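*Asks:* If you scroll down you'll find the structure; I have some questions about it.
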Amino acid sequence: MKNEVHPYTQWVDLASRQLGGQVLQSSDDFFAEMENLIKPEAPVFIDGKYTDRGKWMDGWESRRKREEGHDWAILRLGAAGYIVGFNVCTRFFAGNAPKQISIEACYSAETPNADTEWTMLIEQLDVQPDSDNFIDVGHGADSIWSHLRLNIFPDGGVARLRVYGKAVLNKDWLLPNEPVDLAAVSNGARPLMCSDMFFSSMNNLLMPGRGVNMGDGWETKRRRGGRETDWIIIALAAPGTLHKVCVDTAYFKGNFPHSFTLDALYMPSGEVHPDSAWQPVIERQLLSADSEHFYRNEVINTEQVFTHIRLSIYPDGGVSRLRVIGYPVSEE
Numbered sequence: 001m002k003n004e005v006h007p008y009t010q011w012v013d014l015a016s017r018q019l020g021g022q023v024l025q026s027s028d029d030f031f032a033e034m035e036n037l038i039k040p041e042a043p044v045f046i047d048g049k050y051t052d053r054g055k056w057m058d059g060w061e062s063r064r065k066r067e068e069g070h071d072w073a074i075l076r077l078g079a080a081g082y083i084v085g086f087n088v089c090t091r092f093f094a095g096n097a098p099k100q101i102s103i104e105a106c107y108s109a110e111t112p113n114a115d116t117e118w119t120m121l122i123e124q125l126d127v128q129p130d131s132d133n134f135i136d137v138g139h140g141a142d143s144i145w146s147h148l149r150l151n152i153f154p155d156g157g158v159a160r161l162r163v164y165g166k167a168v169l170n171k172d173w174l175l176p177n178e179p180v181d182l183a184a185v186s187n188g189a190r191p192l193m194c195s196d197m198f199f200s201s202m203n204n205l206l207m208p209g210r211g212v213n214m215g216d217g218w219e220t221k222r223r224r225g226g227r228e229t230d231w232i233i234i235a236l237a238a239p240g241t242l243h244k245v246c247v248d249t250a251y252f253k254g255n256f257p258h259s260f261t262l263d264a265l266y267m268p269s270g271e272v273h274p275d276s277a278w279q280p281v282i283e284r285q286l287l288s289a290d291s292e293h294f295y296r297n298e299v300i301n302t303e304q305v306f307t308h309i310r311l312s313i314y315p316d317g318g319v320s321r322l323r324v325i326g327y328p329v330s331e332e
């Protein structure tokens, strides 16, 4: 049995290194490097492992503060966007976690400096040691942010900072009639729901680049009767017309789906369900192991504008990445 997951984890981690997130600077990372804050994998503890500075820890850890003040780290999000919540994860920092934290944000095309104006998203509050600390944003949830400053009081260690939200497609960067991947997380697409993700998260399906192993994709459990297919529903980065598709089964060799279909829907309200009035985009196609499958001539209804897609796989299995190339249209 798998543990229950927090609802925030259904959103995208905007700070993830997979998206291009970066820890730019910190006040101090004497015991453990600041870059660990945004590692995509869960933190681990290795008993008996030490460095020349002390116990090896899988996170960011500052030295014990012997003067007034607090420690901080500044992050550039991998994709600018709206933030709905955080996880300030202090796993394995049992006797050395901060007592309190706060989080500030800004939107800037440049690296923040001493003149940057920061907006407080999370006022100073207590965090629990050796725990996941999920925190609602509240103030600032309706604004787009590009950088964060995590403050810890007075010092200590944080294993991971997860920044859950939705990236925003910057149409100002697009040339006229430029096609974009409307299913890319970095452009603002988001998986909404799926029939099953027992082995690996649906969020992986829309990540940049190709998968690095079999765990870096969306994989369902083996079908044992019941429905004939597994499915995932995705909100596109923007309303648009769809013209090219890539279904990548990288690393799925004995567990790739037999075949798939792709359907789409125009529903600006976002009220979509598995049994909504979906229209076909690609009729059922066979898949093969560990391969990129490209479709252009097979794509139908290319003149219609859609807001959501549904990928159905028969009967089950794993898909590493899904790319849906199209043209965003104005919502006016």
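So for the sequence shown, UniProt numbering puts the first residue at 1; every next one is plus one.
Backbone N, C-alpha and C define an ideal beta-carbon position, used for all residues, glycine too.
Keep in mind the model is a prediction, meaning the values are calculated, not measured.
Given a threshold of 16 other Cβ atoms within 10 Å of its Cβ, counted over all protein chains shown, does L125 qualify as buried or as exposed?
*Replies:* Here residue 125 is taken as the residue at index 125 of the sequence shown, counted from 1. Exposed, by the Cβ-count rule.
*Asks:* May I have the straight-line CA-CA distance separating Q285 from F260, to the nearest angstrom?
*Replies:* Numbered from 1 along the sequence shown, position 285 holds the residue referred to as residue 285. Numbered from 1 along the sequence shown, position 260 holds the residue referred to as residue 260. Near 6 Å, if we compare the C-alpha coordinates of F260 and Q285.
*Asks:* Just the Cα atoms here: how many angstroms apart are E178 and A159?
*Replies:* As a first step, residue 178 must be located in the sequence shown, where it is residue number 178. As a first step, residue 159 must be located in the sequence shown, where it is residue number 159. A159 has its alpha-carbon roughly 40 Å from the corresponding atom of E178.
*Asks:* How about G188 and L169: are their beta carbons less than 7 Å apart?
*Replies:* The residue you call residue 188 lines up with position 188 of the sequence shown. The residue you call residue 169 lines up with position 169 of the sequence shown. Cβ distance < 7 Å, so G188 and L169 count as in contact.
*Asks:* Between V324 and A97, what straight-line distance do the alpha-carbon atoms span, to the nearest angstrom?
*Replies:* Within the sequence shown, the letter at position 324 stands for residue 324. Within the sequence shown, the letter at position 97 stands for residue 97. Approximately 43 Å between the Cα atoms of the pair.
*Asks:* Considering only residues of the same chain and omitting the five flanking positions on each side of A94, which have a CB-CB separation below 6 Å?
*Replies:* For this step, residue 94 is matched to residue 94 along the sequence shown. Excluding residues within five positions, the ones whose Cβ falls inside 6 Å are P129 and D130.
*Asks:* What does the alpha-carbon distance come out to for the pair A109 and S146?
*Replies:* Counted from its first residue, the sequence shown places residue 109 at position 109. Counted from its first residue, the sequence shown places residue 146 at position 146. Computed Cα separation, rounded: 8 Å.
*Asks:* Going by the beta-carbon positions, is the gap between W218 and V281 smaller than 7 Å?
*Replies:* The residue you call residue 218 lines up with position 218 of the sequence shown. The residue you call residue 281 lines up with position 281 of the sequence shown. Cβ atoms of W218 and V281: not closer than 7 Å.
*Asks:* Measure from the alpha carbon of E41 to the alpha carbon of each residue in R63, D29, M34 and Q18, then state which is nearest.
*Replies:* By 1-based counting over the sequence shown, the position of residue 41 is 41. Measuring from the Cα of E41, the nearest candidate turns out to be Q18.
*Asks:* How far does the beta strand (DSSP E) with E283 in it reach, from first residue to last?
*Replies:* On the sequence shown, residue 283 is found 283 positions in, with the first residue counted as 1. Q279 to L286 is the extent of the beta strand (DSSP E) around E283.
*Asks:* Given a cut-off of 7 Å on the beta-carbon distance, is the pair V185 and V12 in contact?
*Replies:* Mapped onto the sequence shown, residue 185 falls at position 185. Mapped onto the sequence shown, residue 12 falls at position 12. Between V185 and V12, the C-beta gap is smaller than 7 Å, which places the two residues in contact.
*Asks:* Give me whichever residues DSSP pairs with A264 in a beta bridge.
*Replies:* By 1-based counting over the sequence shown, the position of residue 264 is 264. Its beta-bridge partners are Q279 and I309.
*Asks:* How far does the beta strand (DSSP E) with G240 in it reach, from first residue to last?
*Replies:* Counted from its first residue, the sequence shown places residue 240 at position 240. From DSSP, the beta strand (DSSP E) with G240 extends over D230 to D248.
*Asks:* Looking at the secondary structure, which residues open and close the beta strand (DSSP E) in which R162 lies?
*Replies:* The residue given as residue 162 occupies position 162 in the sequence shown. Start and end: R160 to A167.
*Asks:* Excluding the 5 residues flanking D263 on each side, which residues of the same chain have their C-beta closer than 8 Å to its C-beta?
*Replies:* Mapped onto the sequence shown, residue 263 falls at position 263. Hits under 8 Å: W278, Q279, P280, V281, I309, R310 and S312.
*Asks:* Span of the beta strand (DSSP E) holding E104?
*Replies:* Stepping through the sequence shown from its first residue, residue 104 is reached at position 104. Counting along the chain, the beta strand (DSSP E) containing E104 begins and ends at Q100 to C106.
*Asks:* Are D115 and R222 close, meaning C-beta to C-beta below 7 Å?
*Replies:* Translated into the one-based positions of the sequence shown, residue 115 becomes position 115. Translated into the one-based positions of the sequence shown, residue 222 becomes position 222. No, they are not a contact pair.
*Asks:* Just list the alpha helix (DSSP H) runs in the UniProt domain "Allantoicase" (20 to 167), keeping only unbroken ones of 4 residues or longer that don't cross its boundaries, in chain order.
*Replies:* none
*Asks:* Where does V324 sit, in a helix, a strand or coil, going by DSSP?
*Replies:* Residue 324 sits at position 324 when you count from the first residue of the sequence shown. Collapsing the DSSP output to three states places V324 in a strand.
*Asks:* Given 8 Å as the limit, is there contact between the stretch 264 to 277 and the stretch 227 to 235, that is, 3 or more CB pairs closer than that?
*Replies:* yes
*Asks:* Closest by CA to N255, which one among F199, R91 and L150?
*Replies:* Counting from one through the sequence shown, the residue named residue 255 turns up at place 255. Of the candidates F199, R91 and L150, the one whose C-alpha sits nearest the C-alpha of N255 is F199.
*Asks:* Starting from the C-beta of K2, find all residues in its chain whose C-beta is less than 8 Å away, skip the five residues before and the five after it, and write them out in chain order.
*Replies:* Within the sequence shown, numbered from 1, the residue matching residue 2 stands at position 2. Any reading at K2 needs caution, since the residue's pLDDT is 45, under 50, leaving its predicted position unreliable; the model's value is listed next. Here the set comprises F198.
*Asks:* For N133, which residues from the same chain have a beta carbon less than 6 Å from its beta carbon, with the 5 sequence-adjacent residues on both sides left out?
*Replies:* As a working mapping, residue 133 is identified with position 133 in the sequence shown. V88 and V127.
*Asks:* Counting pairs of Cβ atoms below 8 Å between the stretch 42 to 58 and the stretch 134 to 142, do you hit three or more?
*Replies:* No, they do not touch.
*Asks:* Counting along the chain, where does the beta strand (DSSP E) carrying L192 start and finish?
*Replies:* In the sequence shown, residue 192 corresponds to position 192, counting from 1. From DSSP, the beta strand (DSSP E) with L192 extends over R190 to C194.
*Asks:* Check the C-beta distance from F31 over to E61 and give it rounded, since I have them as a contact under 8 Å.
*Replies:* Residue numbering aside, residue 31 sits at position 31 when the sequence shown is read from its first letter. Residue numbering aside, residue 61 sits at position 61 when the sequence shown is read from its first letter. Indeed, because the Cβ distance is near 4 Å, the residues count as touching under 8 Å.
*Asks:* If you follow the beta strand (DSSP E) that H258 is part of, which residue opens it and which one closes it?
*Replies:* Within the sequence shown, numbered from 1, the residue matching residue 258 stands at position 258. It is not in any beta strand (DSSP E) - H258 carries neither H nor E in the DSSP assignment.
*Asks:* Going by C-alpha distance, which of I144, C106 and V299 is nearest V247?
*Replies:* Against the sequence shown, residue 247 aligns to sequence position 247. Measuring C-alpha to C-alpha distances from V247 to each of I144, C106 and V299 identifies V299 as the nearest.
*Asks:* Would you tell me roughly how many angstroms separate the C-alpha atoms of D181 and H258, rounded to the nearest one?
*Replies:* As a position in the sequence shown, residue 181 is number 181, starting the count at 1. As a position in the sequence shown, residue 258 is number 258, starting the count at 1. C-alpha separation (whole angstroms): 25 Å.
*Asks:* Below 7 Å between beta carbons: does that hold for E104 and R149?
*Replies:* The residue given as residue 104 occupies position 104 in the sequence shown. The residue given as residue 149 occupies position 149 in the sequence shown. Contact flag set, yes.
*Asks:* Could you tell me how far apart the beta carbons of L75 and L121 are, in whole angstroms, since I believe they sit closer than 8 Å?
*Replies:* By 1-based counting over the sequence shown, the position of residue 75 is 75. By 1-based counting over the sequence shown, the position of residue 121 is 121. With a Cβ gap of about 13 Å, L75 and L121 do not count as contacting.
*Asks:* Whole angstroms are fine: how far does the CA of R321 sit from the CA of T302?
*Replies:* Taking the first residue of the sequence shown as 1, we reach residue 302 at position 302. Taking the first residue of the sequence shown as 1, we reach residue 321 at position 321. Each residue's Cα considered, the two are about 21 Å apart.
*Asks:* When you compare only the Cα positions, how much space is there between S16 and K171?
*Replies:* Locating residue 16 in the sequence shown gives position 16, counting from the first residue. Locating residue 171 in the sequence shown gives position 171, counting from the first residue. Taking the straight line joining both Cα atoms gives about 22 Å.
*Asks:* Taking the beta carbon of W72 as the centre, do at least 16 other beta carbons fall within 10 Å, making it buried, or is it exposed?
*Replies:* If you number the sequence shown from 1, residue 72 lands on position 72. Per the 10 Å Cβ criterion, buried.
*Asks:* Suppose the cutoff is 8 Å on Cβ atoms and the five residues either side in sequence are ignored; what does the same chain contact list for D290 look like?
*Replies:* Mapped onto the sequence shown, residue 290 falls at position 290. Closer than 8 Å at the Cβ level, and outside the excluded window around D290, lie T249, A250, Y251, F252, K253 and F256.
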